[in-house]
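Colleague:
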Amino acid sequence: MGPIWLSDDGRLGLTFENETFIHDCGKNISVSDQGLGSIVISTSELTRKKRNTERVYKRQFSDGLVTSSQLASQLTYLDAALTKAVNFAFAQSIRSFCEFTEMVKHWVESTYMSDPTDLARSLFSNSYLVAKKSARSLMKVWPCVPLEKEDYEFSPTKLDQCFEFLPIILKTESKEHLAFVDPITMIVSPTSKKGPCEEFRNIIIQINDQVLEVDQVEGRITSVKPRIFLWPEAKFNFTNMIPNIESHAFHQLVLLNMTDIKNHAFVSNLIKVSQMTYQIHEKDSIISM
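Using the numbering used here, the letters of the sequence shown correspond one by one to residues 1402 to 1690.
1. Can you give the Cα-Cα distance for residue 1453 and residue 1428, rounded to whole angstroms?
2. Using 10 angstroms around the beta-carbon of residue 1418, count the other beta-carbons present and answer buried if the total reaches 16, otherwise exposed.
3. Going by DSSP in three states, residue 1387 sits in which element: helix, strand or coil?
4. Would you grab the beta carbon distance between residue 1606 and residue 1560 for me? Rounded to a whole angstrom, and I think it's under 8 Å.
5. Check for me: the beta strand (DSSP E) holding residue 1612 runs from which residue to which?
6. Can we say the region 1609-1624 touches the region 1543-1558, given the rule of at least three CB pairs closer than 8 Å?
7. Measure the alpha-carbon distance for residue 1413 versus residue 1477 and round it to whole angstroms.
8. Assuming residue 1573 is part of the beta strand (DSSP E), what are its boundary residues?
9. So what's residue 1577 in DSSP terms, helix, strand or just coil?
10. DSSP puts residue 1607 in a beta bridge; with which residues?
11. So what's residue 1479 in DSSP terms, helix, strand or just coil?
12. Grab me the residues of residue 1424's own chain with a C-beta within less than 6 Å of its C-beta, minus the 5 sequence neighbours each way, in chain order.
13. Please say whether residue 1518 and residue 1532 have beta carbons closer to each other than 7 Å?
14. Residue 1473 and residue 1436 look like a contact to me (Cβ under 8 Å); what is the Cβ gap, rounded to whole Å?
15. Let me make sure I understand the geometry here. Which of 1524, 1582, 1546, 1415 has the alpha-carbon closest to that of residue 1508?
16. With which residues is residue 1595 paired in a DSSP beta bridge?
17. If you draw a straight line from the C-alpha of residue 1540 to the C-alpha of residue 1510, how long is it?
18. With DSSP run on the structure shown, which of helix, strand or coil describes residue 1548?
19. Whole angstroms is fine: what's the gap from residue 1577's alpha carbon to residue 1498's?
20. How would you write the range of the beta strand (DSSP E) that residue 1623 sits in, first residue to last?
21. Over the uninterrupted beta strand (DSSP E) stretch that includes residue 1431, give me the two end residues.
22. Taking residue 1591 as the reference, which of 1604, 1623, 1515, 1572 has the closest Cα?
23. Give me, in chain order, the residues of the same chain whose beta-carbon lies closer than 8 Å to that of residue 1551; leave out the 5 immediate sequence neighbours on both sides.
24. Could you tell me the alpha carbon to alpha carbon distance between residue 1596 and residue 1629, rounded to whole angstroms?
25. Let me know the secondary structure DSSP gives residue 1540 once reduced to three states.
26. Rounding to the nearest angstrom, what Cα-Cα distance links residue 1415 and residue 1430 in this structure?
27. Per DSSP, residue 1436 is paired with what?
28. Does residue 1530 pass the burial test, meaning 16 or more other C-beta atoms within 10 Å, or should it be called exposed?
29. How close, in whole Å, do the beta carbons of residue 1564 and residue 1534 come, if the pair is a contact with beta carbons under 8 Å?
30. For residue 1528, is the classification buried or exposed, using 16 other Cβ atoms within 10 angstroms of its Cβ as the cut-off for buried?
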């Protein structure tokens, strides 16, 4: 991962930005910034035959001391792993947000070109608006006046032809006018295009919480009970995009630098305690004799 060497088995992280080389026990060792070293293998050594793998060596495991070298390497590994996970999660979150923003942009552009009234009502959260395109990137918006029940009524046309919009009798100032209502936008207009009765004779319209089917030729009104389909709430959950970051556990590894063991205060005190224990056991053995 970049300039950091990561060990999957021991979960160690080493960097060699300011590495130094030493020669010890006939081996060339490259010392990392954390204090741990790795043996430099030459090309000639790689061509040597492998030793007999059938030999079984007995290994003695003991509880080692955590030195600054081990701690620095493991913390380096932990920092690199967390940085990688956080960068991945942040990049995925930003990418999802940008994709959503781009999708909204395309929706606004397409809705502006096809139905500016629907766009205005969505932007302003107001159903009593009507809009139209005014220029390349301008839109004119007007407020609408809602009609009460007593202001209109459905009236049969008794004609052999039908209209795309639903004909109504509009009552204004004690006068009645023939008008047409768009069942989609609910906008009342004085005219309407004609259409085939096979398609437009029975028009479904929703008024408040009622869904009605109106026969514009005969004037029959039938209540419709549609099947209600509840859309789940659209919530963008970015939590699933964030990878699960497991806790880091330090292993009990014997990674002591043997050149520094004499200067280790704990080891020096441990040697003194061992000497005192040996002397006590020696005196006890003399007394028992």
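Just so it is clear, CB atoms sit at the ideal spot from N, CA and C, and this is done for glycine as well.
Modeller: Reading from the atomic positions:
1. Residue placement at residue 1453 is poorly supported in this model, since its pLDDT is 46, which falls under 50; the coordinates still yield a value, given next. In a straight line, the C-alpha of residue 1453 is about 21 Å away from that of residue 1428.
2. exposed
3. No answer is possible for residue 1387: the residues shown for the chain start at 1402 and end at 1690.
4. 19 Å between Cβ atoms; not a contact.
5. 1611-1616
6. yes
7. 7 Å
8. 1567-1573
9. strand
10. 1612
11. helix
12. none
13. yes
14. 7 Å
15. 1524
16. 1564
17. 12 Å
18. coil
19. 53 Å
20. 1622-1624
21. 1428-1432
22. 1572
23. 1572
24. 30 Å
25. strand
26. 14 Å
27. Partner(s): none; residue 1436 has no beta bridge.
28. buried
29. Not confirmed; about 25 Å, so no contact.
30. exposed
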